[in-house]
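Asks: In this note's numbering, the protein residues as written are 992 to 1315.
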Amino acid sequence: MKDILKDITERFIKQLEQGTVPWRKPWISSQNIISRKPYRGINTLLLGSTQFSSPWWMTFKQARDLGGNVAKGARATPIVYFKFVDKLDKSGNVMLSKSGKAVQIPFVRWSMVFNLDQTEKVKAPEIQVQQRPDRPLEAAASIVKSGNLCPIKHGGFAALYSPKEDVIRMPHQKLFHSPEDYYHTLYHEATHATGHESRLNREGVTTPAKFGSERYSKEELVAELGAAFLSNEAGILDKVRFDSSASYLSSWISKLKADPNLLLSAASQAQKSADFIMGIKHTEKESPENVEQPEIERKSADITQATGIGARPEAVNARLKPSM
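(1) Skipping 5 residues on each side, what residues in its chain have a beta carbon closer than 8 Å to that of L1240?
(2) Look at A1214 and W1014 and say whether their C-beta atoms are less than 8 Å apart.
(3) DSSP three-state label for D1293, please.
(4) State the CB to CB distance for the pair A1149 and A1225, rounded to an integer number of angstroms; the pair is presumed to be in contact (CB under 8 Å).
(5) CA-CA distance, I1244 and L1216?
(6) Is DSSP giving P1317 helix, strand or coil here?
(7) Return the chain-ordered list of same chain residues with a C-beta closer than 6 Å to the C-beta of L1128, the five sequence neighbours on each side being excluded.
(8) What are the partner residues of Y1173, as DSSP defines its beta bridges?
(9) Where do the N-terminal and C-terminal ends of the alpha helix (DSSP H) with K1081 fall, by residue?
(10) Check whether the Cβ atoms of N1223 and P1097 lie closer than 8 Å to each other.
(11) Whole angstroms are fine: how far does the CA of K1112 sit from the CA of F1043?
(12) With burial defined as no fewer than 16 other Cβ atoms inside 10 Å of the residue's Cβ, what is the status of K1165: buried or exposed?
(13) Hey, would you say P1069 sits closer than 8 Å to M1103, going by beta carbons?
(14) Using a Cβ distance threshold of 8 Å, determine whether the region 1260-1275 contacts the region 1183-1199, with at least three qualifying pairs required.
(15) Round the Cβ separation of L1253 and K1209 to the nearest angstrom and send it over; I've been treating them as touching at under 8 Å.
(16) At the level of alpha carbons, what is the spacing between S1026 and N1308?
(17) Between L1212 and the rest of its own chain, which residues show a CB-CB distance below 7 Å, the 5 nearest in sequence each way excluded?
(18) Would the beta-carbon of H1145 fall within 8 Å of that of H1163?
(19) Among A1249, G1091, P1154, which has the Cα closest to the Cα of L996?
(20) Within 10 angstroms of its Cβ, does P1199 collect 16 or more other Cβ (buried), or is it exposed?
(21) Considering only residues of the same chain and omitting the five flanking positions on each side of Q1053, which have a CB-CB separation below 6 Å?
(22) So what does Q1022 bridge to, in DSSP terms?
(23) According to the neighbour-count rule (16 or more other Cβ atoms, all chains shown, within 10 Å of its Cβ), is I1271 buried or exposed?
(24) Return helix, strand or coil for R1126, following the three-state DSSP convention.
(25) Count the other C-beta atoms from every protein chain shown that fall within 10 angstroms of the C-beta of T1197, then say buried if there are 16 or more, exposed otherwise.
(26) Report the three-state DSSP secondary structure of R1232 (helix, strand or coil).
(27) For L1087, which residues of its own chain have a beta-carbon under 8 Å away from its beta-carbon, when the five flanking residues on both sides are left out?
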């Protein structure tokens, strides 16, 4: 499994080295042709970064089961998924959460899939895959209104989320170059806010870390991806201004090279955050209450209580109008 995670991470690193940030490119909703369920988390990025026009994906066996076959020479795309097992104590008994539910450990598994465009004699389903909203800005606003979030206070020129106050602080919308820039920045802070102990109880928020530390970087990537998932859902991602400086790209390249697990873990948490904001309920098995997240080795030094977690100043400045 380590090899596939390394391979997946290297795919994203290669794009970053070429000046492309994978989570900033709009993507269509990719779905499995059999289950009709949309792919989520890191799989949306893996499949969305391909050049195929069809939203339908399948395994080699599924193509055969549908009466077709994968075209000769077609190259598969990896996807990952979690298989859950009950956690046992030293005596071999199932461990229970405070509410009496079995604590489960997610094991990462992988599979190889092919796009419908890579197959022969496989018919596309007649149902329509979810399309982008006809009114993106209305969709963007409705996402904010549907979120079970903290208060949003406007004023000043900084965008941040304060865990201590449980408040999002944003510049007024008129100060941004566009409404799309405003909403994307707000989504970034809203993703941070989902980590509050009263919501998803995410370590990167409940125990904030020093700027540049491993924990800080992971929480920032969660917010970056969460904002991308929400902006893509609203249909505004292609209108957002981004900081694409060499320093920004190199910073993520170095972090991904140092930790091949970072992207998978951050994408999983970002998807949960986006779902929380949009009011999408998890199944019991996926609930943060009784699922134990895979541990990533962390350094214990450089932890400090931050007053606020916010988008990088360079990123916000790129979206704000020049001050007079």
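The beta carbon of each residue, even a glycine, is placed where N, CA and C say it ideally should be.
Replies: So, from the data block:
(1) Mapped onto the sequence shown, residue 1240 falls at position 249. L1007, E1008, G1010, V1012, listed in sequence order.
(2) Along the sequence shown, read from residue 1 onward, the residue named residue 1214 stands at position 223. Along the sequence shown, read from residue 1 onward, the residue named residue 1014 stands at position 23. Result no, Cβ atoms of A1214 and W1014 do not sit closer than 8 Å.
(3) In the sequence shown, residue 1293 corresponds to position 302, counting from 1. Reliability of the predicted coordinates at D1293 is poor, the pLDDT of 27 falling under 50, and no value is obtained from them.
(4) Within the sequence shown, the letter at position 158 stands for residue 1149. Within the sequence shown, the letter at position 234 stands for residue 1225. Wrong, their Cβ atoms sit about 23 Å apart, outside the cutoff.
(5) Here residue 1244 is taken as the residue at index 253 of the sequence shown, counted from 1. Here residue 1216 is taken as the residue at index 225 of the sequence shown, counted from 1. In a straight line, the C-alpha of I1244 is about 15 Å away from that of L1216.
(6) What is shown of the chain runs 992 to 1315, which leaves residue 1317 out entirely.
(7) The sequence position of residue 1128 within the sequence shown is 137, counting from 1. The residues are P1170.
(8) Numbered from 1 along the sequence shown, position 182 holds the residue referred to as residue 1173. Its beta-bridge partners do not exist; DSSP assigns none.
(9) As a position in the sequence shown, residue 1081 is number 90, starting the count at 1. Premise fails: K1081 is in no alpha helix (DSSP H) and is neither H nor E.
(10) Taking the first residue of the sequence shown as position 1, residue 1223 is located at position 232. Taking the first residue of the sequence shown as position 1, residue 1097 is located at position 106. Not in contact: N1223 and P1097 (Cβ atoms no closer than 8 Å).
(11) As a position in the sequence shown, residue 1043 is number 52, starting the count at 1. As a position in the sequence shown, residue 1112 is number 121, starting the count at 1. Cα-Cα distance, rounded: 17 Å.
(12) Here residue 1165 corresponds to residue number 174 of the sequence shown, with the count starting at 1. Exposed, since its Cβ has fewer than 16 Cβ neighbours within 10 Å.
(13) Taking the sequence shown and counting its residues from 1, one reaches residue 1069 at position 78. Taking the sequence shown and counting its residues from 1, one reaches residue 1103 at position 112. Contact: yes.
(14) yes
(15) Position 262 of the sequence shown holds residue 1253. Position 218 of the sequence shown holds residue 1209. 6 Å between Cβ atoms; contact.
(16) One-based indexing of the sequence shown puts residue 1026 at position 35. One-based indexing of the sequence shown puts residue 1308 at position 317. Each residue's Cα considered, the two are about 43 Å apart.
(17) Counting from one through the sequence shown, the residue named residue 1212 turns up at place 221. So the qualifying residues of the chain are L1253, A1257.
(18) The residue labelled residue 1145 in the question sits at position 154 within the sequence shown. The residue labelled residue 1163 in the question sits at position 172 within the sequence shown. Yes, Cβ-Cβ distance for H1145 and H1163 is below 8 Å.
(19) Taking the first residue of the sequence shown as position 1, residue 996 is located at position 5. Considering only alpha carbons, the answer is A1249.
(20) Translated into positions along the sequence shown, residue 1199 becomes position 208. P1199 should be labelled buried.
(21) Position 62 of the sequence shown, counting from 1, holds the residue named residue 1053. Only I1025 meet the Cβ criterion.
(22) Mapped onto the sequence shown, residue 1022 falls at position 31. Q1022 pairs with P1029, W1047.
(23) Working through the sequence shown from its first residue, we reach residue 1271 at position 280. I1271 is exposed by the Cβ-count criterion.
(24) For this step, residue 1126 is matched to residue 135 along the sequence shown. Here R1126 sits in coil by DSSP.
(25) Locating residue 1197 in the sequence shown gives position 206, counting from the first residue. Exposed.
(26) Working through the sequence shown from its first residue, we reach residue 1232 at position 241. Of the three classes helix, strand and coil, the one that applies to R1232 here is coil, per DSSP.
(27) Taking the first residue of the sequence shown as position 1, residue 1087 is located at position 96. Same-chain partners within the cutoff: A1093, V1094.
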